[in-house]
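Enquirer: Just passing along the structure, written as structure tokens.
Protein chains: 2
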Amino acid sequence: MPDRFAFSIDATDGKARTGVIRMARGEIRTPAFMPVGTAATVKAMRPADVRATGADIILGNTYHLMLRPGAERIARLGGLHAFMGWDRPILTDSGGYQVMSLSDLAKVSEEGVAFASHLDGSRHLLTPERSIEIQRLLGSDIAMTFDELVPTTASRGAQAQAMERSMRWARRSKDAFAGEGALFGIQQGGLDERLRAASAEALIEIDFDGYAVGGLAVGEGQAAMLACLDFAAPQLPEDRPRYLMGVGKPDDLVGAVMRGIDMFDCVLPTRSGRTGQAFTWDGPLNIRNARFAEDATPLDPESPVAGWSKAYLHHLVRSGEILGAMLMTEHNLWFYQRLMQAMRDAIAAGSLVAFAAEFAARYRPVPRVTAAPNRDS
Amino acid sequence: MPDRFAFSIDATDGKARTGVIRMARGEIRTPAFMPVGTAATVKAMRPADVRATGADIILGNTYHLMLRPGAERIARLGGLHAFMGWDRPILTDSGGYQVMSLSDLAKVSEEGVAFASHLDGSRHLLTPERSIEIQRLLGSDIAMTFDELVPTTASRGAQAQAMERSMRWARRSKDAFAGEGALFGIQQGGLDERLRAASAEALIEIDFDGYAVGGLAVGEGQAAMLACLDFAAPQLPEDRPRYLMGVGKPDDLVGAVMRGIDMFDCVLPTRSGRTGQAFTWDGPLNIRNARFAEDATPLDPESPVAGWSKAYLHHLVRSGEILGAMLMTEHNLWFYQRLMQAMRDAIAAGSLVAFAAEFAARYRPVPRVTAAPNRDS
Numbered sequence: 028m029p030d031r032f033a034f035s036i037d038a039t040d041g042k043a044r045t046g047v048i049r050m051a052r053g054e055i056r057t058p059a060f061m062p063v064g065t066a067a068t069v070k071a072m073r074p075a076d077v078r079a080t081g082a083d084i085i086l087g088n089t090y091h092l093m094l095r096p097g098a099e100r101i102a103r104l105g106g107l108h109a110f111m112g113w114d115r116p117i118l119t120d121s122g123g124y125q126v127m128s129l130s131d132l133a134k135v136s137e138e139g140v141a142f143a144s145h146l147d148g149s150r151h152l153l154t155p156e157r158s159i160e161i162q163r164l165l166g167s168d169i170a171m172t173f174d175e176l177v178p179t180t181a182s183r184g185a186q187a188q189a190m191e192r193s194m195r196w197a198r199r200s201k202d203a204f205a206g207e208g209a210l211f212g213i214q215q216g217g218l219d220e221r222l223r224a225a226s227a228e229a230l231i232e233i234d235f236d237g238y239a240v241g242g243l244a245v246g247e248g249q250a251a252m253l254a255c256l257d258f259a260a261p262q263l264p265e266d267r268p269r270y271l272m273g274v275g276k277p278d279d280l281v282g283a284v285m286r287g288i289d290m291f292d293c294v295l296p297t298r299s300g301r302t303g304q305a306f307t308w309d310g311p312l313n314i315r316n317a318r319f320a321e322d323a324t325p326l327d328p329e330s331p332v333a334g335w336s337k338a339y340l341h342h343l344v345r346s347g348e349i350l351g352a353m354l355m356t357e358h359n360l361w362f363y364q365r366l367m368q369a370m371r372d373a374i375a376a377g378s379l380v381a382f383a384a385e386f387a388a389r390y391r392p393v394p395r396v397t398a399a400p401n402r403d404s
Numbered sequence: 028m029p030d031r032f033a034f035s036i037d038a039t040d041g042k043a044r045t046g047v048i049r050m051a052r053g054e055i056r057t058p059a060f061m062p063v064g065t066a067a068t069v070k071a072m073r074p075a076d077v078r079a080t081g082a083d084i085i086l087g088n089t090y091h092l093m094l095r096p097g098a099e100r101i102a103r104l105g106g107l108h109a110f111m112g113w114d115r116p117i118l119t120d121s122g123g124y125q126v127m128s129l130s131d132l133a134k135v136s137e138e139g140v141a142f143a144s145h146l147d148g149s150r151h152l153l154t155p156e157r158s159i160e161i162q163r164l165l166g167s168d169i170a171m172t173f174d175e176l177v178p179t180t181a182s183r184g185a186q187a188q189a190m191e192r193s194m195r196w197a198r199r200s201k202d203a204f205a206g207e208g209a210l211f212g213i214q215q216g217g218l219d220e221r222l223r224a225a226s227a228e229a230l231i232e233i234d235f236d237g238y239a240v241g242g243l244a245v246g247e248g249q250a251a252m253l254a255c256l257d258f259a260a261p262q263l264p265e266d267r268p269r270y271l272m273g274v275g276k277p278d279d280l281v282g283a284v285m286r287g288i289d290m291f292d293c294v295l296p297t298r299s300g301r302t303g304q305a306f307t308w309d310g311p312l313n314i315r316n317a318r319f320a321e322d323a324t325p326l327d328p329e330s331p332v333a334g335w336s337k338a339y340l341h342h343l344v345r346s347g348e349i350l351g352a353m354l355m356t357e358h359n360l361w362f363y364q365r366l367m368q369a370m371r372d373a374i375a376a377g378s379l380v381a382f383a384a385e386f387a388a389r390y391r392p393v394p395r396v397t398a399a400p401n402r403d404s
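These protein sequence lines are chains Y and U, in that order. Numbering-wise (this note's numbering), the first sequence opens with residue 28 and increments by one. Numbering-wise (this note's numbering), the second sequence opens with residue 28 and increments by one.
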């Protein structure tokens with residue numbers, strides 16, 4: 028019988044770790060990057076092509092799927108894996124983040140969050156119990172507890188209240204959980220070390236298969252985020268996967284892996300691909316820029332889209348062609364997975380610090396600005 | 028040394044023929060359907076996936092490519108095949124049709140057509156010589172003569188004048204042609220048998236590798252089009268490929284093949300795919316229709332997208348997901364190629380009439396209308 032959930036660490040390098048999560052639907056090499064499949068599709072990608080970029084697991088969004096096509100409908104159609112044609116692990120978020128950021132008229136009470144759909148204005152109530160039920164209906168391999176989010180700029184009192192409610196909701200999520208997969212708890216507490224510590228303690232008391240750092244990457248900036256991870260990550264158990272939600276840019280990933288994070292998800296590689304931003308070892312570039320109009324070189328000689336020139340991608344994206352979104356997305360997902368593989372290799376070799384230094388020396392986080400940067404867009 | 032251009036007919040069945048066109052870049056099985064790759068991409072498809080549907084040749088549009096990214100630019104980047112990553116034959120149209128239908132302020136003179144780009148209003152002149160030059164710069168395998176089009180509803184006098192000018196332009200196109208591939212002439216003359224005969228005579232006098240029937244599928248309806256083909260197709264040489272431009276719906280293809288047509292191109296399978304129409308042996312269907320919301324069956328068990336249910340495609344298209352356009356397009360291109368293969372097999376077996384009768388008995392050309400047909404769109 029396959030493992031329900033087992034995490035083994037094969038090597039460490041400083042605070043960084045590399046290992047494997049073993050689950051019934053497959054293995055997840057860590058540190059892992061999870062492409063986001065919001066509406067039962069990693070946008071502009073077939074599942075087989077997502078897998079070919081090196082992804083071991085993808086993420087599905089409870090908020091989007093509960094509204095369209097509906098969790099019960101997906102369950103009747105055999106679950107999310109069969110519905111979308113992805114047979115490896117899927118992590119589902121709880122809807123907590125998106126119900127606050129996307130829905131209309133969200134009203135939080137101890138029971139849960141009442142809100143209006145951003146699609147049609149229909150009224151819904153999302154509670155810890157309903158969130159866990161939806162994730163079970165979807166057939167999630169890794170479910171997340173339902174939590175309440177407040178901005179990192181909120182008062183300490185508001186931060187504390189939201190964190191404490193999230194811990195009560197974590198308890199209710201655990202009690203409601205009867206899935207065959209795993210359940211992760213989510214640490215909250217903003218940028219406050221003591222709130223983060225209290226949150227971690229509460230979660231450890233409940234006991235989860237893995238622990239997420241929530242409430243970051245919401246505008247606080249990379250320096251503040253990494254400073255928070257300096258104390259937040261070690262507060263979470265060493266023998267369980269640590270998942271930094273919603274992060275991030277390639278340089279964010281390097282910084283977070285060095286601080287002991289094992290899992291990431293972010294829309295950046297897919298969303299950027301659709302708008303013409305490509306990630307490379309030299310940093311992001313905007314393929315719409317006129318300097319690429321006759322550039323016959325590929326984005327990267329190892330990329331799965333190396334058969335096409337930057338000039339061709341420039342043409343496709345400028346022309347609004349769907350194939351442009353397809354190829355740019357595939358490149359970016361490949362780049363993210365290549366970066367994760369490079370970090371796993373460096374940790375195993377004990378050379379992560381050297382890798383990070385080399386990476387930082389070459390990678391320019393901000394796209395090169397030309398004389399007329401917006402002329403082409 | 029590979030053939031420049033050789034057409035062999037392997038079997039006939041009534042007026043229908045099946046055979047092979049042999050060219051340096053590969054063989055084209057006839058009757059052939061050519062997917063349209065307007066802007067150096069068959070929309071929402073990678074070249075390898077286009078090939079996997081069974082396509083031997085695709086079409087590129089001179090008008091679109093001359094405006095963006097420009098013929099000289101494509102030539103500097105190694106030609107259209109290298110630019111887009113398709114190494115098999117490409118037929119290019121001459122721009123004659125689209126310069127009249129898409130550009131602004133088109134002004135026709137004996138020299139050619141002066142027009143303003145629909146993209147940026149820039150002024151251009153397209154002549155037979157420039158059209159042929161552009162097609163050579165693109166690296167076309169089959170180039171088309173530059174012609175003048177008038178609606179089939181124009182007066183006979185206008186039809187005659189446009190046809191006669193097109194024949195003078197065909198002569199100029201032939202004189203200008205120095206490509207390594209083939210050159211096809213285009214018959215004009217609207218729905219008039221004598222004009223069509225005069226056009227065919229003029230083209231045969233010039234001598235082309237193949238002959239296209241132009242000026243049809245512009246709103247005259249299927250009955251009028253097939254009635255025209257009854258006389259127009261036999262006017263063209265039996266030993267050369269006959270190409271019906273811009274056609275058509277699956278039932279159009281069956282009718283035209285029975286009248287001796289060997290080649291087709293049409294945006295319908297790709298464009299329909301992007302708007303949610305799928306072609307099946309039972310006729311077209313609108314995947315957005317609510318009756319597919321929980322339909323767990325595939326569009327066709329043999330389709331390359333048979334791994335996904337109609338319910339999933341319904342969800343993707345309703346949600347505006349790029350993957351919906353990708354999978355629907357792939358299905359439709361596969362269906363078109365499957366239909367051509369079925370006709371080639373039937374002709375070889377001498378059973379095309381029986382095939383056409385079976386096809387017509389099952390195929391409903393108009394999508395099934397439900398009680399509230401537009402509710403879902």
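For every residue, glycine included, the Cβ atom is placed at its ideal position computed from N, Cα and C.
Tell me U:C293's beta-bridge partners as DSSP assigns them.
Expert: Walking along the second sequence from the start, residue 293 of chain U turns up at place 266. In DSSP, U:C293 forms a bridge with U:P62.
Enquirer: Decide if Y:S35 is buried, meaning its Cβ has at least 16 other Cβ atoms within 10 Å, or exposed.
Expert: In the first sequence, the residue the question calls residue 35 of chain Y occupies position 8. By the neighbour-count rule (16 or more Cβ atoms within 10 Å), Y:S35 is not buried but exposed.
Enquirer: At least one CB of chain U closer than 9 Å to the CB of Y:I161: is that the case?
Expert: Against the first sequence, residue 161 of chain Y aligns to sequence position 134. Taking Cβ atoms only, chain U never reaches closer than 9 Å to Y:I161, which makes this a no.
Enquirer: Along the chain, where does the alpha helix (DSSP H) containing Y:A143 start, and where does it finish?
Expert: Start at 1 with the first residue of the first sequence, and residue 143 of chain Y comes out as number 116. It is not in any alpha helix (DSSP H) - Y:A143 instead sits in the beta strand (DSSP E) that spans 140-143.
Enquirer: Just how far apart, CA to CA, sit U:Y124 and U:F173?
Expert: Taking the second sequence and counting its residues from 1, the one referred to as residue 124 of chain U is at position 97. Taking the second sequence and counting its residues from 1, the one referred to as residue 173 of chain U is at position 146. Straight-line Cα distance between these residues: approximately 9 Å.
Enquirer: DSSP three-state call for Y:H342: helix, strand or coil?
Expert: The residue given as residue 342 of chain Y occupies position 315 in the first sequence. Reduced to three states, the DSSP call for Y:H342 is helix.
Enquirer: Relative to the alpha-carbon of U:R56, which residue among U:I374, U:P392, U:E385, U:S121 has its alpha-carbon at the smallest distance?
Expert: The residue given as residue 56 of chain U occupies position 29 in the second sequence. Selected option, being the one with the closest Cα: U:I374.
Enquirer: Which two residues bound the contiguous alpha helix (DSSP H) that contains Y:L379?
Expert: Against the first sequence, residue 379 of chain Y aligns to sequence position 352. First-last of the alpha helix (DSSP H) with Y:L379: 379-389.
Enquirer: Starting from U:S226, trace the beta strand (DSSP E) both ways and give me its first and last residue.
Expert: Against the second sequence, residue 226 of chain U aligns to sequence position 199. Element bounds for U:S226: not the beta strand (DSSP E) but the alpha helix (DSSP H), 220-233.
Enquirer: Using a Cβ cut-off of 7 Å, pull out every chain U residue sitting near Y:G377, in sequence order please.
Expert: On the first sequence, position 350 is the one that residue 377 of chain Y refers to. Residues of chain U passing the Cβ test: none, with the nearest at roughly 40 Å.
Enquirer: With contact counted as at least three CB pairs below 8 Å, one residue from each stretch, are the region 68-85 of chain Y and the region 297-307 of chain U in contact?
Expert: Counting Cβ pairs under 8 Å, fewer than three are found: no touch.
Enquirer: State the DSSP-derived secondary structure class of U:M272, mapped to helix, strand or coil.
Expert: Reading the second sequence from its first residue, position 245 is the one you call residue 272 of chain U. Of the three classes helix, strand and coil, the one that applies to U:M272 here is coil, per DSSP.
Enquirer: Examine the Cβ distances between the region 328-346 of chain U and the region 274-281 of chain U and report whether three or more of them are shorter than 8 Å.
Expert: Segments in contact, no.
Enquirer: Ignore the nearest five residues each way along the sequence and tell me which others in Y:D127's own chain have a CB closer than 6 Å to its CB.
Expert: Here residue 127 of chain Y corresponds to residue number 100 of the first sequence, with the count starting at 1. This sequence places Met at residue 127 of chain Y; Asp is not what is there. If we look at Y:M127 and ignore the five residues flanking it on each side, its Cβ neighbours are A133, L176.
Enquirer: Quick check: what's the CA-CA separation for Y:A323 versus Y:P58?
Expert: For the purposes of this step, residue 323 of chain Y is taken as the residue at position 296 of the first sequence. For the purposes of this step, residue 58 of chain Y is taken as the residue at position 31 of the first sequence. About 34 Å.
Enquirer: I'd like the list of long-range same chain contacts for Y:D403, defined as Cβ closer than 7 Å, with 5 residues on each side in sequence excluded.
Expert: Within the first sequence, numbered from 1, the residue matching residue 403 of chain Y stands at position 376. Any reading at Y:D403 needs caution, since the residue's pLDDT is 33, under 50, leaving its predicted position unreliable; the model's value is listed next. Hits under 7 Å: R315, N316, A317.
Enquirer: In chain order, what residues of the same chain lie with their CB nearer than 7 Å to the CB of U:R183, ignoring the 5 residues before and after it?
Expert: Residue numbering aside, residue 183 of chain U sits at position 156 when the second sequence is read from its first letter. Answer for U:R183: D219, listed in chain order.
Enquirer: Indicate the three-state DSSP secondary structure (helix, strand or coil) for Y:M252 in the structure shown.
Expert: Walking along the first sequence from the start, residue 252 of chain Y turns up at place 225. Of the three classes helix, strand and coil, the one that applies to Y:M252 here is helix, per DSSP.
Enquirer: If I'm right that Y:V47 touches Y:D40 with Cβ under 8 Å, what's the distance once you round it to whole angstroms?
Expert: Reading the first sequence from its first residue, position 20 is the one you call residue 47 of chain Y. Reading the first sequence from its first residue, position 13 is the one you call residue 40 of chain Y. Y:V47 to Y:D40, Cβ: 16 Å. No contact.
Enquirer: How about U:G148: is its C-beta nearer than 9 Å to some C-beta of chain Y?
Expert: Counting from one through the second sequence, the residue named residue 148 of chain U turns up at place 121. Answer no: the Cβ-Cβ gap between U:G148 and chain Y never drops below 9 Å.
Enquirer: Report the residue from Y:V240, Y:W308, Y:Y339 whose alpha carbon sits nearest the alpha carbon of Y:E321.
Expert: Looking up residue 321 of chain Y in the first sequence gives position 294. When only C-alpha atoms are compared, the closest one is Y:Y339.
Enquirer: Name, please, each residue of chain Y whose Cβ falls closer than 9 Å to the Cβ of U:M361.
Expert: Looking up residue 361 of chain U in the second sequence gives position 334. The question names Met, but residue 361 of chain U is Trp in the sequence shown. Per Cβ cutoff of 9 Å: no residues; U:W361 is ~15 Å from chain Y at best.
Enquirer: Need the endpoints of the alpha helix (DSSP H) that U:L354 sits in, please.
Expert: The residue you call residue 354 of chain U lines up with position 327 of the second sequence. Unbroken alpha helix (DSSP H) run through U:L354: 349-376.
Enquirer: Fully enclosed by the region 171-213 of chain U, which alpha helix (DSSP H) runs are 4 residues long or longer?
Expert: Runs found: 183-203.
Enquirer: Ignore the nearest five residues each way along the sequence and tell me which others in Y:A383's own chain have a CB closer than 7 Å to its CB.
Expert: Taking the first residue of the first sequence as 1, we reach residue 383 of chain Y at position 356. Closer than 7 Å at Cβ, skipping near neighbours: V281, M285.
Enquirer: So which residues of chain U does Y:A320 contact, with C-beta pairs closer than 8 Å?
Expert: Here residue 320 of chain Y corresponds to residue number 293 of the first sequence, with the count starting at 1. Chain U residues near Y:A320: P96, R100.
Enquirer: Using a Cβ-Cβ cutoff of less than 6 Å, which residues in the same chain neighbour Y:V63 once the five nearest sequence positions on both sides are dropped?
Expert: In the first sequence, residue 63 of chain Y corresponds to position 36, counting from 1. Answer for Y:V63: L86, D292, V294, listed in chain order.
Enquirer: In the DSSP output, which residue or residues are listed as bridge partners for U:E54?
Expert: Here residue 54 of chain U is taken as the residue at index 27 of the second sequence, counted from 1. Bridge partners of U:E54: U:R49.
Enquirer: Taking any Cβ of chain C, which residues in the region 335-348 of chain U have a Cβ under 7 Å from it, in chain order?
Expert: Structure shown: chain C not included; protein chains present are Y and U.
Enquirer: Do you know how far the Cα of U:I169 is from the Cα of U:S158?
Expert: Looking up residue 158 of chain U in the second sequence gives position 131. Looking up residue 169 of chain U in the second sequence gives position 142. Cα to Cα, U:S158 sits roughly 13 Å from U:I169.
Enquirer: Any idea if Y:T180 is buried or exposed, counting beta-carbon neighbours within 10 angstroms, 16 or more meaning buried?
Expert: For the purposes of this step, residue 180 of chain Y is identified with residue 153 of the first sequence, where counting begins at 1. Exposed.
Enquirer: Suppose you measure from the CA of Y:K42 to the CA of Y:M93; what does that come to, to the nearest Å?
Expert: Here residue 42 of chain Y refers to the residue found at position 15 of the first sequence. Here residue 93 of chain Y refers to the residue found at position 66 of the first sequence. If you take the alpha carbons of Y:K42 and Y:M93, they lie about 38 Å apart.
Enquirer: Measuring alpha carbon to alpha carbon, tell me which of U:K70, U:M355, U:Q188, U:G273 ends up nearest U:N313.
Expert: On the second sequence, position 286 is the one that residue 313 of chain U refers to. With distances taken between Cα atoms, U:N313 lies closest to U:M355.
Enquirer: Do the region 250-267 of chain U and the region 190-199 of chain U meet, that is, are 3 or more Cβ pairs less than 8 Å apart?
Expert: Because the criterion of three Cβ pairs below 8 Å is not met, the region 250-267 of chain U and the region 190-199 of chain U do not touch.
Enquirer: Does the separation of the CB atoms of Y:L243 and Y:G273 fall below 9 Å?
Expert: Counting from 1 along the first sequence, the entry for residue 243 of chain Y is found at position 216. Counting from 1 along the first sequence, the entry for residue 273 of chain Y is found at position 246. Yes, these two residues count as a Cβ contact at 9 Å.
Enquirer: Could you tell me the boundaries of the beta strand (DSSP E) in which U:L152 lies?
Expert: Indexing the second sequence from 1 puts residue 152 of chain U at position 125. Residues 150-153.
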